[in-house]
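From first to last, the protein sequence lines stand for chains H and L.
Remember, this note's numbering sits 761 above the position in the first sequence when you count from 1.
Remember, this note's numbering sits 44 above the position in the second sequence when you count from 1.
We put the CB at the ideal spot given by N, CA and C, even for glycine.
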Amino acid sequence: GESVGLHLPTLSVQEGDNSIINCAYSNSASDYFIWYKQESGKGPQFIIDIRSNMDKRQGQRVTVLLNKTVKHLSLQIAATQPGDSAVYFCAENNFGNEKLTFGTGTRLTIIP
Amino acid sequence: GAVVSQHPSRVICKSGTSVKIECRSLDFQATTMFWYRQFPKKSLMLMATSNEGSKATYEQGVEKDKFLINHASLTLSTLTVTSAHPEDSSFYICSARDWGRQGAGDEQFFGPGTRLTVL
Numbered sequence: 762g763e764s765v766g767l768h769l770p771t772l773s774v775q776e777g778d779n780s781i782i783n784c785a786y787s788n789s790a791s792d793y794f795i796w797y798k799q800e801s802g803k804g805p806q807f808i809i810d811i812r813s814n815m816d817k818r819q820g821q822r823v824t825v826l827l828n829k830t831v832k833h834l835s836l837q838i839a840a841t842q843p844g845d846s847a848v849y850f851c852a853e854n855n856f857g858n859e860k861l862t863f864g865t866g867t868r869l870t871i872i873p
Numbered sequence: 045g046a047v048v049s050q051h052p053s054r055v056i057c058k059s060g061t062s063v064k065i066e067c068r069s070l071d072f073q074a075t076t077m078f079w080y081r082q083f084p085k086k087s088l089m090l091m092a093t094s095n096e097g098s099k100a101t102y103e104q105g106v107e108k109d110k111f112l113i114n115h116a117s118l119t120l121s122t123l124t125v126t127s128a129h130p131e132d133s134s135f136y137i138c139s140a141r142d143w144g145r146q147g148a149g150d151e152q153f154f155g156p157g158t159r160l161t162v163l
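Okay, structure coming up:
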């Protein structure tokens with residue numbers, strides 16, 4: 762079936778460095794993608810989203826890149842801080858389908 | 045804005061009992077809410093879509109008689125785990141869309157989750 766997956770389950774980054782979290786998706790009909798951050802024991806928190814008519818979108822310290830050719834999504838976090846330590850999930854859906862499909866998640870650890 | 049709450053945040057119950065979890069949209073109306081289940085170190089799995097005023101739509105493999113969903117108002121959906129067993133222990137999370145917000149997109153806003161432990 763359709764799936765959304767992540768390349769790496771864990772990622773450790775030195776505080777202050779930039780981090781990149783990757784996500785591969787297989788549903789070519791997906792047209793909306795979201796990155797969520799989940800801290801331990803809490804619900805997912807919306808970070809940034811992007812539609813399929815875009816290939817880049819920037820927020821505060823975060824950038825999402827979308828490559829529809831290879832069905833790849835990435836989240837870049839600039840100047841990482843200890844508070845960025847969490848599990849990051851990508852999720853996708855397509856127009857007319859309210860349901861989100863989540864990837865497997867990447868645990869990001871910021872090393873002081 | 046777009047805050048979703050859940051109650052309780054944590055519950056421990058004996059095997060065979062039923063547990064009700066509430067999901068509320070605090071500052072917006074949600075005609076549709078979603079219930080997810082998350083096992084430790086795993087991703088979120090959609091259990092069902094809760095529709096205000098109508099029956100919930102369950103995902104394949106989810107027992108509707110075991111996981112009862114009621115969406116009686118535009119701000120409240122409840123999930124009742126009936127005759128709970130240890131294998132039902134999990135982290136249950138709800139979400140909702142804020143269709144009425146100006147410039148609203150398709151993002152779902154998530155509650156803080158409810159940790160259920162069945163002894």
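Determine, for residue i, whether the minimum Cβ-Cβ distance to residues of chain L falls below 8 Å.
| i | result |
| --- | --- |
| H:Pro-805 | yes |
| H:Leu-834 | no |
| H:Thr-865 | yes |
| H:Asp-810 | yes |
| H:Leu-869 | no |
| H:Leu-861 | yes |
| H:Ser-764 | Below a pLDDT of 50, predicted positions are generally treated as unreliable, and H:Ser-764, at 48, falls in that range; no measurement from the model is reported. |
| H:His-768 | No answer about H:His-768 holds up, because its pLDDT of 49 lies below 50 and its placement is not dependable. |
Are residue i and residue j touching if we call contact CB-CB under 8 Å?
| i | j | result |
| --- | --- | --- |
| H:Glu-859 | L:Thr-76 | yes |
| L:Val-162 | L:Ala-128 | yes |
| L:Ser-139 | L:Leu-160 | no |
| L:Ile-198 | L:Thr-101 | This structure cannot speak to residue 198 of chain L, because chain L is shown only from 45 to 163. |
| H:Ala-839 | H:Gln-799 | no |
| H:Ser-835 | H:Ile-795 | no |
| H:Gly-804 | L:Gly-155 | yes |
| L:Ser-87 | H:Phe-807 | no |
| L:Ser-67 | L:Gln-82 | Residue identity check: residue 67 of chain L is Cys in the sequence provided, not Ser. No, the pair does not count as a contact, with Cβ atoms beyond the cut-off. |
| L:Thr-93 | L:Leu-112 | no |
| H:Lys-832 | H:Tyr-793 | no |
| L:Thr-124 | L:Val-48 | no |
| L:Thr-158 | L:Ser-53 | yes |
| H:Thr-870 | H:Ser-773 | yes |
Determine whether the Cβ of residue i lies closer than 8 Å to any Cβ atom of chain H.
| i | result |
| --- | --- |
| L:Gln-152 | yes |
| L:Ile-65 | no |
| L:Leu-160 | no |
| L:Leu-120 | no |
| L:Thr-76 | yes |
| L:Ser-94 | no |
| L:Pro-52 | no |
| L:Ser-87 | yes |
| L:Leu-90 | yes |
| L:Gly-5 | Outside the shown range of chain L, which is 45 to 163, sits residue 5 of chain L, and nothing can be said about it. |
Pick from the options: whose alpha carbon is nearest that of residue i?
| i | options | result |
| --- | --- | --- |
| H:Ala-790 | H:Pro-873, H:Gly-866, H:Arg-812, H:Ser-801 | H:Arg-812 |
| H:Asn-783 | H:Phe-807, H:Leu-826, H:Gly-802, H:Gly-820 | H:Leu-826 |
| L:Leu-70 | L:Thr-124, L:Asp-109, L:Thr-119 | L:Thr-119 |
| H:Asn-788 | H:Pro-843, H:Asp-845, H:Leu-861 | H:Leu-861 |
| H:Thr-865 | L:Tyr-136, L:Lys-85, L:Tyr-80 | L:Lys-85 |
| L:Gln-152 | L:Gln-73, L:Thr-61, L:Cys-57 | L:Gln-73 |
Residue i bridges to which residues according to DSSP?
| i | result |
| --- | --- |
| H:Gln-799 | H:Val-848 |
| L:Arg-159 | L:Arg-54, L:Phe-135 |
| L:Met-77 | L:Ser-94, L:Ala-140 |
| L:Ser-127 | Partner(s): none; L:Ser-127 has no beta bridge. |
| L:Ser-117 | L:Leu-120 |
Residue i touches chain B at which residues, Cβ-Cβ below 7 Å?
| i | result |
| --- | --- |
| L:Gly-105 | Judged by its chain identifiers, the structure shown contains no chain B, and its protein chains are H and L. |
Contact set between the region 790-803 of chain H and chain L, restricted to residues whose Cβ is under 9 Å from the partner: Tyr-793, Ile-795, Tyr-797, Gln-799, Gly-802, Lys-803
Selection of the region 112-143 of chain L by Cβ proximity to chain H, strictly under 9 Å: Phe-135, Ile-137, Cys-138, Ser-139, Arg-141
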